[in-house]
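Below is one structure, written out as structure tokens, with a few remarks after it.
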Amino acid sequence: MNTVIAFIVIFGSLVFFHELGHFIFAKRAGILCREFAIGFGPKVFSHKKGETTYTIRLLPLGGFVRMAGEDPEVIEIKPGFRVGLLFDGEEKVNKIILNNKEKFPSARIIEVEHADIERELIIKGFPEDEPENLKIFSVSPTAVIVEDGAETQIAPIDRQFGSKTLGQRTMAIFAGPMMNFILALVVFIVIALLQGVPVNEPKLGQLTQDGAAKSAGLMEGDIVESIGGAEISTWADVVSIIRKSPRKTLDFSINRNGKDMDITVTPKENVLDGKKIGIIGVYSPVVKSPLKAVSQGFQETYYWTKTIFVMSGQLVTGHFSIKMLSGPVGIYASTDAVAKSGIYSLMKWAGVLSVNLGIMNLLPIPALDGGRLMFFAVEALRGKPIDRQKEGIVHFIGFALLMLLMLVVTWNDIQKYFL
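Going left to right, the sequence shown walks through residues 0 to 418 as numbering that gives the first Met the number 0 numbers them.
Here's what the structure looks like:
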């Protein structure tokens with residue numbers, strides 16, 4: 000149960016902050032955001048605030064921000080339609096009722112002759128009470144269309160994604176991955192603030208309860224001056240000698256609170272990457288400093304960004320097998336293993352996953368943010384956008400291939416961890 004909770008919290012947070020990036024910059028650009036969703040499939044929770052409906056959906060495998068101009072359900076009001084109109088205090092149409100008009104007895108019924116609710120914001124038609132007179136009704140830019148009891152806010156052209164500048168559209172898409180990098184940075188900084196930042200000094204950090212160091216009488220804060228007669232100047236020297244000496248007795252010369260002492264320690268044997276190494280159960284020394292924590296956060300973010308980029312490149316060149324990729328099942332299994340190491344390991348895992356999500360979304364693959372940005376780059380070079388229908392077909396094919404890849408990866412994960 001703890002693993003399930005950890006997985007939901009971590010994965011949900013990554014998706015939430017990713018979509019929050021899209022949402023914030025879309026709103027800043029003036030784009031109408033109809034829905035902010037975590038997950039896919041049927042709605043489990045729904046709450047509308049302002050123009051946006053916030054939903055949690057059944058399958059926690061991602062999320063989306065539904066922007067006007069990008070959503071498929073465009074309701075068109077055609078000539079000949081009989082619609083009901085409700086008006087605000089300025090005599091502008093604020094509700095357009097398509098059916099079940101009997102539920103709105105105060106609505107004015109008209110037969111539509113012409114309607115433009117994107118640019119002109121008008122509806123021309125013949126009122127039921129004045130069938131011979133063609134009337135022009137001004138539509139409020141925040142008016143809603145009511146169909147089967149559900150309200151959909153209209154999207155004037157200046158509120159649609161496609162009407163915005165190339166820079167605004169690019170930022171609205173790029174902001175998702177950007178927020179994942181920012182989230183990772185914050186997580187790594189918080190870890191460094193709470194745990195401290197490792198320093199390369201020959202000073203013992205925290206000791207494990209079952210380690211050889213504690214059994215021998217070493218204490219946290221002891222300064223190591225020499226091991227087996229070899230002078231020590233850095234923590235790296237301490238680690239190097241211990242790792243080379245599994246089950247070998249080592250004479251530690253230490254300084255404890257100004258007093259010199261000699262303590263004999265026998266490192267236990269452990270296996271790392273197929274090699275036998277010595278361990279004594281001591282963590283590296285740390286220093287707690289807000290400035291160093293911020294620096295450590297940037298270093299960790301850079302390190303994992305570089306590492307994941309290299310691994311992505313190896314996947315393309317064939318040096319990294321598709322069987323080594325992990326989907327939700329693999330991430331769940333890894334989360335279970337990491338959770339056993341404690342909260343800090345779990346936080347670091349969340350930071351690494353956030354960097355990974357940011358990078359994966361920036362890859363120039365159709366249907367991903369990187370694919371959208373690739374089309375924007377082409378638009379910048381051409382000086383005009385690519386036909387939206389053609390772009391949509393490319394993204395659809397990309398999405399289908401991604402779903403196929405997801406199925407393959409998930410099957411590999413099931414075989415690896417459960418079969």
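C-beta atoms are modelled at their ideal positions from N, C-alpha and C, and glycine is treated no differently.
Check, Outcome
"Minimum C-alpha distance to residue 105 - residue among 96, 281, 349", "96"
"Alpha carbon of residue 329 to alpha carbon of residue 117, nearest angstrom", "46 Å"
"From 253, 176, 262, residue whose alpha carbon lies closest to that of residue 214", "262"
"Proximity below 9 Å, CB of residue 210 to CB of residue 281", "yes"
"Between the CA atoms of residue 358 and residue 344 - distance to the nearest angstrom", "21 Å"
"Secondary structure of residue 159, DSSP reduced to three states", "coil"
"With 16 other Cβ atoms within 10 Å as the buried cut-off, status of residue 289", "exposed"
"Short Cβ contact (9 Å threshold) for residue 39 with residue 63", "yes"
"Member of 225, 381, 364, 408 whose CA lies at the smallest distance from the CA of residue 398", "364"
"Residue 176, enclosing alpha helix (DSSP H) - first and last residue", "165-194"
"Integer Cβ distance of residue 186 from residue 285, believed to fall under 8 Å", "Incorrect: roughly 17 Å between the Cβ atoms, too far for contact."
"Residue 197 in three-state terms, based on DSSP", "strand"
"Residues bridged to residue 89 (per DSSP)", "In DSSP, residue 89 forms no bridge with anything."
"Pair within 9 Å by beta-carbon distance, residue 92 and residue 122", "yes"
"Beta-carbon contacts of residue 177 that lie in its chain and below 8 Å, excluding the five residues immediately before and after", "20, 357"
"Exposure of residue 295, with buried meaning 16 or more beta-carbon neighbours within 10 Å", "buried"
"Expected contact under 8 Å - CB spacing of residue 360 and residue 367 to nearest Å", "5 Å"
"Residues bridged to residue 253 (per DSSP)", "223, 260"
"Three-state secondary structure assigned by DSSP to residue 209", "coil"
"Residue span of the beta strand (DSSP E) that contains residue 149, given as start and end", "149-152"
"Ordered list of beta strand (DSSP E) runs contained in the stretch 29-84, each at least 3 residues", "32-48, 51-66"
"Contacting residues, own chain, Cβ-Cβ under 8 Å from residue 232 (five flanking each side not counted)", "201"
"Burial state of residue 347, where buried means 16 or more other Cβ atoms lie within 10 Å", "buried"
"Distance between residue 379 and residue 171 (C-alpha atoms, nearest Å)", "16 Å"
"Identity of the residues DSSP links to residue 269 by a beta bridge", "276"
"Same chain, Cβ closer than 6 Å to residue 150, neighbours up to 5 away in sequence not counted", "143"
"Three-pair Cβ contact test at 8 Å for the stretch 159-175 versus the stretch 251-258", "no"
"Contact under 9 Å by Cβ, residue 65 with residue 28", "no"
"Candidates 283, 298, 90, 362: closest to residue 312 by CA position", "362"
"CB contact flag (residue 120, residue 16, <9 Å)", "no"
"Where residue 363 falls: helix, strand or coil (DSSP)", "coil"
"Assigned secondary structure, residue 371 (DSSP; H/G/I helix, E/B strand, else coil)", "helix"
"Contact the stretch 153-160 vs the stretch 238-246: 3+ CB pairs below 8 Å", "no"
"Rounded distance between the beta-carbons of residue 192 and residue 292, thought under 8 Å", "4 Å"
"Residue burial classification, residue 58 (beta-carbon count within 10 angstroms, cutoff 16)", "exposed"
"Residue 43 beta carbon less than 9 Å from that of residue 52", "no"
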